[in-house]
Each structure stands twice: as structure tokens, then as C-alpha cells.
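J.: Residue numbers (our numbering), protein chains in the order written: chain L, 4 to 315; chain B, 2 to 429. We put the beta carbon where it would ideally sit given N, CA and C, even for glycine. Please read these numbers as outputs of a predicted model, since none were measured by experiment. Below is one structure. I have some questions about it.
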């Protein structure tokens with residue numbers, strides 16, 4: 004099977020087969036990062052532009068490393084260093100980037116839909132590295148890859164996602180991604196953080212997190228942003244930690260082989276207790292490792308890596 | 002200058018409905034009969050005959066809610082381009098809102114608008130002035146002076162009046178000058194950083210939502226203030242079911258409240274925003290299908306008195322950008338009548354009800370003299386209800402192209418727009 008899409012913008016637009024193709028490709032890519040010389044020539048001569056309109060450490064570094072391990076040239080731009088500060092519009096920036104003929108544009112943007120807008124305008128492949136509260140497909144793919152590695156399949160798994168669902172692009176992408184591969188996604192958190200109509204995306208909602216954790220195969224905790232107190236979403240970190248934070252005690256009702264995940268960065272002691280984050284069920288760092296493999300696979304499939312390999 | 006409109010079905014609700022000829026002399030309707038013969042053959046000035054057979058002839062349409070962008074944003078629209086667009090849409094009168102730069106909160110700006118409108122020489126322009134100075138919600142504008150300069154109503158449209166005491170005083174003070182207060186109902190704290198309707202669609206798209214309550218809590222507040230003051234209150238751009246219920250209840254109690262909605266609220270729902278379509282971004286936002294149903298019911302039972310466009314031209318500079326960054330608003334002058342005629346076609350409204358909502362009711366609310374009667378000024382719109390066409394925004398006379406209806410097939414449009422006995426628009 005070949006990957007036919009020009010862009011990877013969100014999980015909703017990927018089919019289960021396309022998701023599996025990316026995962027299978029990533030599984031093969033993973034081994035490259037364990038070699039002593041971590042570089043293959045597969046994407047030599049390809050150019051990847053990483054355009055980050057929003058701060059990021061993990062995701063940006065991960066895309067950068069992924070490109071370099073495949074011998075692609077990658078360059079990274081942030082909005083403050085770009086013409087954006089000179090008042091250039093996103094449309095103009097995208098057209099100018101395209102005029103320099105990169106092979107893939109990776110974009111992170113604080114506004115939902117910005118990568119979709121660029122993708123429609125340019126013939127270059129676009130990867131959405133996170134747009135506002137909307138989507139974060141590479142994160143979802145690496146999450147699914149990590150669970151699949153551990154469990155073999157996602158079919159019938161009970162996956163609890165807990166925290167600020169409203170503001171989370173990770174939650175939205177994972178609801179779509181996990182449910183497409185047969186998992187049951189249960190959402191929980193304070194009702195102030197559960198958006199209207201989220202069930203329509205293919206998840207169920209329970210407000211008591213113990214009900215969500217009970218019998219769970221996977222528990223994914225989302226980062227709480229302190230500034231959300233200003234819009235009255237929760238009263239204090241102390242109260243949040245007590246009622247919605249993941250502690251060893253609350254975890255008792257989960258399955259014995261439960262997996263604990265977090266997209267990072269962690270607020271230790273708020274949404275997740277340190278002993279749980281570092282405990283035996285945690286696969287948080289494996290998520291990060293797999294992130295590189297997933298992004299290598301995305302670059303490979305979008306920039307004609309298959310065709311390149313054939314030419315060689 | 003004489004003109005006879007011959008053989009059209011003349012509909013002036015509560016007054017005439019039948020095939021009549023209308024004789025217009027020097028801008029005044031002088032005769033309405035079944036068959037007028039141009040008897041006065043020896044008069045030196047010629048008589049223009051308009052063949053209106055198969056067409057309907059109605060009192061000039063009035064759009065009581067438009068944004069003409071001049072002064073200040075002439076690249077989006079001018080008083081001239083907006084007036085021509087209005088004429089093409091079948092409107093003989095329009096009311097521009099005061100959120101220009103500078104704001105219309107003083108005699109100079111009002112007079113500037115009226116001068117430009119006279120130069121444009123198309124439709125009648127009745128300016129609306131700010132409720133508050135600078136639309137800042139701190140201090141009342143000078144309603145007496147503004148009325149004297151030619152203002153027809155007051156509104157801070159684009160912004161709500163947050164301060165309930167200022168709103169109370171505005172209603173009381175406006176009553177002294179017979180000016181209606183037009184309220185943009187929005188609780189800014191509830192609307193927060195929302196950019197579209199709050200619901201399953203905003204959740205799926207990852208866009209911050211604006212709840213229905215952001216509108217309806219202010220509608221309810223203003224109804225309470227209207228009861229307190231006994232002043233004339235008009236609610237602008239009603240978009241939610243809750244607002245319709247609140248207005249219906251208020252009217253049943255005898256409160257002097259009137260309301261308008263726009264064609265987009267009874268035609269579209271929030272799903273039009275999918276794919277981050279900025280041509281469907283406006284404030285209040287497109288709502289759910291349940292809200293749309295309520296709006297239609299409100300139009301049908303008279304809860305909503307007026308169809309107004311909230312014509313809001315923007316250029317590509319404001320619209321070809323990220324959805325969050327896009328300006329609110331769509332244009333409406335050149336699609337309002339055909340979209341509204343769909344309500345007659347599908348049985349929601351009778352043609353008389355539609356004419357009331359686009360002419361008679363806005364005239365009554367604004368205190369304008371409108372209608373097809375002997376002795377009245379000849380402001381008349383002639384409509385071909387059978388004319389089917391494809392909307393082509395690139396042909397609009399408005400400078401705006403920001404419409405979600407581009408490419409739609411619609412039926413029925415104005416073929417003649419007559420202001421004071423003069424043809425200001427004639428369909429080719």
C-alpha cells in the first residue's frame with residue numbers, strides 16, 4: 004500500500020488503513036535510532052521546513068531529529084524570527100516558503116485550521132504539528148504506536164483520557180485515532196473542561212474519574228494549564244490534584260497491566276503524582292522515543308520515500 | 002417627469018393587492034387604477050412606461066441594518082458602492098450603523114454621510130448614530146443634535162452596551178426625541194474568546210465557541226429595561242432560540258420590543274463554518290439547526306418583525322486569514338431579497354408577511370412614511386419572483402465579496418428599484 008494523501012492534517016481525515024501504514028512504517032524506522040550511526044540516506048536531497056508559530060521543545064526537536072536521521076535537510080523557523088513580526092500574512096509566508104521548493108512543511112500554529120489553510124494553498128506536503136485546540140496527529144500516532152507495541156492491538160481496549168478535554172488537541176486527535184482502531188475512549192475531568200457535543204467525536208463521558216479509570220487498559224492524563232484558573236475552569240491546583248489528579252490510590256481500580264501516558268510537559272503533583280509518572284506502569288518516555296519513529300515515517304511516506312527507495 | 006408602472010400585481014399589505022397601474026408625477030404617486038391611459042398627450046414631457054406584467058410591485062424595501070464603512074474604511078465599501086448595491090438588491094432605503102472611523106456620534110459625521118449619500122444619488126440613507134460617544138459605553142451621544150442632523154435611530158452595533166444603567170438612560174433619553182434604540186445583544190464575558198457557535202461543530206473543529214446565552218441574557222436584560230422605561234427597543238440580528246422565546250414572551254406582555262434577523266440566520270447553520278470558511282464567520286455566529294427552526298417560527302408568528310441584512314463588507318485583507326483572525330461579518334444587500342423569497346416559496350411566509358418584514362415594519366419602527374398610496378412619495382420595488390439566477394459575487398456592486406452564498410442558485414430578484422419616482426436600478 005502506498006500513502007496517497009498530500010498532507011497529514013488531522014486524525015479524522017486518515018483511514019484506519021492509512022493509520023496502520025504509518026504505524027507499520029514507524030515500527031521499521033524505530034530501529035535506526037538504536038544504531039550507533041543513526042542515519043540512513045533515504046531522504047537525501049529532501050528539504051523539510053519546520054515552521055513553529057508557537058513554543059515547542061519536544062515536538063520540534065522530534066521532527067528535526069526525524070528529518071536528520073533520514074538525511075533530509077531540515078530547517079526550523081519560529082514566528083518571532085520570521086517575517087510574521089514584520090506583519091506578513093500566513094498566506095504570503097506560505098507562498099514564499101513554497102517558492103523555495105521544500106518537500107514538506109511542518110507547521111505548528113496557535114489557531115485551529117491554519118495548517119489546513121496553508122495545505123489548500125500550496126502544492127507542498129503539509130504536516131500539522133498542532134493547531135490550536137484542534138488537532139495534533141503526530142502526537143496521536145505516537146501514542147497509538149506506543150500502546151500497540153505494548154498491547155499488540157487496540158481492539159476493545161478501554162482508554163481513559165482525563166483532564167482539560169476542551170482545550171486539548173491531543174484529546175481530539177486521540178479520540179479520533181484510538182476509536183478508529185477499535186478502542187473505547189472514555190473522557191473525564193471537571194465538567195467545565197468537557198466541551199459540548201464531544202460524544203459526537205466517538206467517545207463517552209463520565210465526570211467521576213474513578214469511573215473512568217475503573218477497568219482501564221490505558222490512562223492518559225492531560226496537562227493542566229495554570230492560567231485556566233482565570234477563566235474559572237477550576238478553583239485551585241490543590242483541589243484539582245485531589246479530585247482529578249492521578250494518584251497510586253486512584254489507579255488501583257484500573258487493570259493490572261494498565262499503561263499510564265502523558266503528552267508532556269508534566270505538571271508533577273497536579274494532574275499526575277510523581278510516583279505514578281515514574282512508576283512501573285508509566286510509558287511516558289517511550290512515547291517520546293516513538294515520536295521520532297512516527298515523524299520519520301510521516302516524512303518518509305509524504306516525501307515519496309517509497310519511490311526514492313525504488314529508484315535506489 | 003411622469004411614469005406609469007403598468008400591469009403589475011401591486012401589493013401593499015393591508016392596503017392593496019391586485020393588478021393596477023400606478024401613475025407617478027414629479028416623484029409622487031398621483032393615481033392607482035386598473036387601467037391608466039396616458040391621456041395627457043399634449044404635455045411636453047414624455048411619459049415613461051414600465052411594463053410590469055407578470056411582476057409584483059411593492060413599497061420600496063428598507064434595510065435597517067447595514068455597514069457602509071465610510072468614513073474610515075473606504076477600501077471595504079463606500080457610501081456610493083453600498084448605495085448602488087442596495088439599489089440592485091431592491092432597497093430604496095438603508096440605515097448605516099455608526100461604527101465607522103470616526104464614529105457617527107456627532108453632527109459632522111452624520112452630515113458627511115448624508116452629503117455622500119446625496120452625491121451617490123441612489124437610495125435613501127438614514128444614518129444610525131452611536132448610543133454612546135465613541136461606542137465606548139461611557140457617556141451618551143447628543144441625541145437631540147444628532148436627530149436634528151438627520152439621524153433616525155441610535156445603536157452601538159458591533160458592541161453591546163455593557164453598563165445597564167447607561168442602557169436604561171439611553172432608552173429614556175432617546176424617548177424624548179422619538180429615536181428607537183437598536184441593541185446589539187452580547188454578554189462579552191460569556192462570549193469570551195469565542196469565534197463561532199458553541200456546540201458539536203466548534204468542539205470538533207477545536208474553535209472556541211460562543212454560547213447562545215451570550216446573546217439571550219442581554220436580550221432578557223434589555224427587555225427588562227424596555228419594560229422599566231417604556232421606550233422603543235429594537236433587538237438587532239437575533240440568532241438564537243432563547244432570544245426568540247424571550248421576545249415572544251415580552252410581546253405577549255405588551256412590551257414595546259421589536260426584533261430583526263438576517264437572511265443567513267434563517268438560511269444557514271454552524272456547519273457552514275466547516276473547513277474554516279471565513280465567509281461564514283460573523284457575530285452573532287451561525288447557530289444550530291434548532292435555532293434556525295426557532296428563527297423561522299419567530300418570523301412566521303410575527304415575533305421577529307424585520308429581515309435586515311447586517312451587510313458587513315470586508316476585503317480579502319480581513320478574510321483571507323486564519324479563522325480566529327478573520328473579521329466578523331458577511332455582505333447581504335444583493336442576496337437578501339432572493340434568500341427571503343425562498344421563505345415564500347416554501348410556505349413559511351406569505352408574500353404580504355415578507356413585504357411587511359422588508360418594508361412596512363422597518364418603516365413603522367423608524368417612523369418612515371412608506372407605502373403605495375396616492376399622494377405618497379414613489380419609493381417602489383418591482384420584483385420578478387420567477388427569475389432564476391446563479392449568485393456571482395464578482396458581479397456585485399458592493400465592494401465586498403465576503404458571502405457564503407456565492408454560486409448558489411436563487412429565484413426571484415428586484416428588476417426595478419424606484420426612489421422618488423426615479424429609476425435607480427434596472428435589471429438588464
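Is residue 102 (chain L) buried or exposed, if buried means 16 or more other CB atoms sit within 10 Å of its CB?
T.: Looking at its Cβ environment, which holds fewer than 16 other Cβ atoms inside 10 Å, residue 102 (chain L) is exposed.
J.: Is residue 191 (chain B) close to chain L, meaning its C-beta is less than 8 Å from at least one C-beta of that chain?
T.: For residue 191 (chain B), the answer is no, since every Cβ of chain L falls outside 8 Å of its Cβ.
J.: Measure how close the beta-carbons of residue 138 (chain L) and residue 176 (chain L) come, nearest whole angstrom, since I'm counting them as under 8 Å.
T.: 5 Å between Cβ atoms; contact.
J.: Tell me the start and end of each unbroken beta strand (DSSP E) in the stretch 232-316 of chain B that is at least 3 residues and wholly inside, in chain order.
T.: Qualifying beta strand (DSSP E) stretches, in chain order: 234-236 and 258-262.
J.: On the premise that residue 10 (chain L) lies in contact with residue 128 (chain L), defined as a C-beta separation below 8 Å, what is that separation, rounded to the nearest angstrom?
T.: With a Cβ gap of about 6 Å, residue 128 (chain L) and residue 10 (chain L) count as contacting.
J.: Which residues, in chain order, does the stretch 186-220 of chain B contribute to contact with chain C at a C-beta distance below 8 Å?
T.: Included in the structure are the protein chains L and B, with no chain C among them.
J.: Bridge partners of residue 60 (chain B), per DSSP?
T.: Answer is B:381.
J.: With a CB to CB cut of under 7 Å and the five nearest residues on each side skipped, what residues in its chain are close to residue 113 (chain L)?
T.: Hits under 7 Å: 56, 57 and 135.
J.: Would you call residue 174 (chain B) buried or exposed, if buried means 16 or more other Cβ atoms sit within 10 Å of its Cβ?
T.: Residue 174 (chain B) comes out buried.
J.: Assign residue 253 (chain L) to one of three DSSP states: helix, strand, or coil.
T.: Correct three-state label for residue 253 (chain L): helix.
J.: According to the neighbour-count rule (16 or more other Cβ atoms, all chains shown, within 10 Å of its Cβ), is residue 78 (chain L) buried or exposed?
T.: Counting Cβ neighbours within 10 Å, residue 78 (chain L) comes out exposed, since fewer than 16 surround it.
J.: Checking contacts by CB at 8 Å: is residue 319 (chain B) closer than that to chain L?
T.: It does not: the Cβ of residue 319 (chain B) has no partner Cβ on chain L nearer than 8 Å.
J.: So, is residue 415 (chain B) buried or exposed, given that buried needs 16 or more other C-beta atoms within 10 angstroms?
T.: Classification for residue 415 (chain B): buried.
J.: If we call anything under 8 Å between Cβ atoms a contact, is residue 261 (chain B) one with residue 309 (chain B)?
T.: Yes, Cβ-Cβ distance for residue 261 (chain B) and residue 309 (chain B) is below 8 Å.
J.: Please report how far the alpha carbon of residue 430 (chain B) lies from the alpha carbon of residue 350 (chain B), in whole angstroms.
T.: Nothing can be reported for residue 430 (chain B), as the shown portion of chain B is limited to 2 through 429.
J.: Kindly list the residues whose CB is nearer than 7 Å to the CB of residue 21 (chain B), restricted to its own chain and excluding five residues on each side of it in sequence; keep chain order.
T.: Closer than 7 Å at the Cβ level, and outside the excluded window around residue 21 (chain B), lie 11, 33, 34 and 35.
J.: Counting only Cβ-Cβ distances shorter than 9 Å, please list the residues of the stretch 326-339 of chain B near chain L, keeping chain order.
T.: Within the stretch 326-339 of chain B, the residues whose Cβ lies closer than 9 Å to some Cβ of chain L are 326, listed in chain order.
J.: Leaving out five residues on either side along the sequence, give the residues of the same chain with a beta carbon under 6 Å from the beta carbon of residue 243 (chain B).
T.: 213 and 217, listed in sequence order.
J.: Identify the contact partners of residue 137 (chain L) in chain B, using a Cβ-Cβ distance below 8 Å as the criterion.
T.: Those within 8 Å of residue 137 (chain L) in chain B are 206, 207 and 208.
J.: Alpha carbon to alpha carbon, what distance is there between residue 306 (chain B) and residue 228 (chain L)?
T.: If you take the alpha carbons of residue 228 (chain L) and residue 306 (chain B), they lie about 46 Å apart.
J.: Taking 8 Å as the threshold (beta carbon to beta carbon), is residue 172 (chain L) in contact with chain B?
T.: Residue 172 (chain L) counts as touching chain B.
J.: Whole angstroms are fine: how far does the CA of residue 290 (chain L) sit from the CA of residue 315 (chain L)?
T.: Unreliable placement is indicated for residue 315 (chain L), whose pLDDT of 41 sits below 50; no coordinate value is reported for it.
J.: Going by CA-CA distance only, name the one from B:378, B:5, B:382 and B:17 that's closest to residue 39 (chain B).
T.: The shortest Cα separation from residue 39 (chain B) among B:378, B:5, B:382 and B:17 belongs to B:5.
J.: Using a Cβ cut-off of 8 Å (strictly closer), state whether residue 261 (chain B) contacts chain L.
T.: No, its Cβ sits nowhere closer than 8 Å to a Cβ of chain L.
J.: With a floor of 3 residues, list each beta strand (DSSP E) that falls wholly inside the stretch 108-192 of chain B, ordered by position along the chain.
T.: Here the runs fully enclosed are 154-156 and 182-184.
J.: Between which two residues does the beta strand (DSSP E) containing residue 21 (chain B) stretch?
T.: Its beta strand (DSSP E) spans residues 17-26.
J.: Excluding five sequence neighbours on each side, which residues of the same chain lie with their C-beta closer than 7 Å to the C-beta of residue 324 (chain B)?
T.: Once the five neighbours on either side are set aside, the close Cβ partners of residue 324 (chain B) are 196, 208, 277, 279 and 282.
J.: Taking Cβ positions, are residue 130 (chain L) and residue 93 (chain L) nearer each other than 8 Å?
T.: Contact: no.
J.: Which residue marks the beginning of the alpha helix (DSSP H) containing residue 164 (chain L), and which one marks its end?
T.: Where residue 164 (chain L) is concerned, there is no enclosing alpha helix (DSSP H), although the beta strand (DSSP E) it sits in stretches over 161-165.
J.: Below 7 Å CB to CB, which residues in the same chain sit around residue 372 (chain B) once its five sequence neighbours on both sides are set aside?
T.: Once the five neighbours on either side are set aside, the close Cβ partners of residue 372 (chain B) are 13, 16 and 60.
J.: Between which two residues does the beta strand (DSSP E) harbouring residue 97 (chain B) extend?
T.: First-last of the beta strand (DSSP E) with residue 97 (chain B): 92-97.
J.: Taking the alpha helix (DSSP H) that residue 225 (chain B) belongs to, which residues open and close that run?
T.: First-last of the alpha helix (DSSP H) with residue 225 (chain B): 214-230.
J.: Here's the rule I'm using: 16 or more other beta-carbon atoms within 10 Å means buried, otherwise exposed. How should residue 367 (chain B) be labelled?
T.: With 16 or more other Cβ atoms within 10 Å, it is buried.
J.: To which residues of the same chain is residue 106 (chain B) closer than 7 Å at the C-beta, ignoring the five residues directly before and after it?
T.: 99, 130, 131, 134, 135 and 142, listed in sequence order.
J.: So, under 8 Å CB-CB, residue 223 (chain L) and residue 284 (chain L) are touching, yes? Tell me the CB distance rounded to an integer number of Å.
T.: Actually they do not touch by this definition, with Cβ atoms about 12 Å apart.
J.: Against chain L, does residue 291 (chain B) count as a neighbour if the rule is that its beta carbon must be under 8 Å from one of theirs?
T.: Cβ-Cβ to chain L under 8 Å: no for residue 291 (chain B).
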